[in-house]
Amino acid sequence: MAEPVTLRAITDHNRSAVLGLRVAAGQEGVVDGVARSLRDAAEHPELAPWPRAVYAGERPVGFVMLADGVAEGNSDVPWPFYLWRMLIDGRFQGRGHGRAALDAVVAHLRSRPGARELVTSVVPGEGSPLGFYLRYGFADTGKMFDHERVPRLAL
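Just so you know, we're using our numbering here: the sequence shown kicks off at -3 and counts up by one.
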């Protein structure tokens, strides 16, 4: 990975390119796409969505979305900081972009008051990103959330 990885807001200027991002074959059933994610963000403002394009240099290569400061007591997402969605386009996987994107997410969260952990959930089975998260440093909590495994990263 020669180009720096950054997280950028999704704007009218880059929306089309970001919407064109696709996961690798075999991952479609375990990682939701960008369009679905942006719809979910619009439909659930109470989850404090923070959608960002993942850029390598000047090229969009992925997408992340946090629930960034969910109010306590929310039954839909019971953690204040939740990695709601993350994908790296299949053409750009295996180049360190996912790890670099998570590094940027963690840096963002460390600037947030009260952020002590990042939680995500993953569909178990073939094509699951669970191994990626565990290699990054997440711990498998052994818990399930909406039929998905729940890894947790201490910040």
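Ideal Cβ placement from N, Cα and C applies to all residues, glycine included. This one's a predicted model, so the numbers in the text were calculated from it and none came from an experiment.
Check whether residue i and residue j have beta carbons under 8 Å apart
{"i": "V50", "j": "V60", "result": "yes"}
{"i": "G94", "j": "I84", "result": "yes"}
{"i": "A97", "j": "G58", "result": "yes"}
{"i": "L151", "j": "R106", "result": "yes"}
{"i": "G133", "j": "L149", "result": "yes"}
Nearest to residue i (by Cα), restricted to the options the options
{"i": "G25", "options": "L130, G123, G138 and K139", "result": "G123"}
{"i": "A52", "options": "T2, S71, L98 and N10", "result": "T2"}
{"i": "R108", "options": "S71, V119, G22 and W46", "result": "W46"}
{"i": "W75", "options": "A13, R11, E113 and V118", "result": "E113"}
{"i": "E39", "options": "L79, V101, A63 and D8", "result": "A63"}
{"i": "V66", "options": "P56, F88, P41 and G86", "result": "P41"}
{"i": "V101", "options": "I6, F88, G121 and F77", "result": "F77"}
{"i": "D99", "options": "F141, F88 and L79", "result": "L79"}
{"i": "H9", "options": "F141, H104, V119 and E54", "result": "E54"}
{"i": "F23", "options": "A5, V118, I6 and T7", "result": "Going by the sequence as given, residue 23 is Gln instead of Phe. Comparing Cα positions, the closest option is V118."}
Backbone CA spacing between residue i and residue j [nearest angstrom]
{"i": "L90", "j": "R145", "result": "Position check: residue 90 holds Gly in this sequence, whereas Leu was assumed. Computed Cα separation, rounded: 23 Å."}
{"i": "G(-2)", "j": "L17", "result": "This sequence places Ala at residue -2; Gly is not what is there. Taking the straight line from one Cα to the other gives about 20 Å."}
{"i": "D136", "j": "T116", "result": "10 Å"}
{"i": "S33", "j": "A44", "result": "13 Å"}
{"i": "R35", "j": "R131", "result": "30 Å"}
{"i": "A21", "j": "G86", "result": "7 Å"}
{"i": "P0", "j": "Y129", "result": "21 Å"}
{"i": "S71", "j": "F141", "result": "11 Å"}
Residue i - partner residues in DSSP beta bridges
{"i": "D136", "result": "P147"}
{"i": "Y51", "result": "T2 and P56"}
{"i": "E113", "result": "A150"}
{"i": "P45", "result": "A63"}
{"i": "R106", "result": "DSSP output for R106 lists no bridge partner at all."}
{"i": "F141", "result": "E144"}
Beta-carbon separation (whole angstroms), residue i vs residue j, contact threshold 8 Å
{"i": "L15", "j": "V27", "result": "Incorrect: roughly 15 Å between the Cβ atoms, too far for contact."}
{"i": "A111", "j": "P56", "result": "In fact, because the Cβ distance is near 26 Å, the residues do not count as touching under 8 Å."}
{"i": "R48", "j": "R4", "result": "6 Å"}
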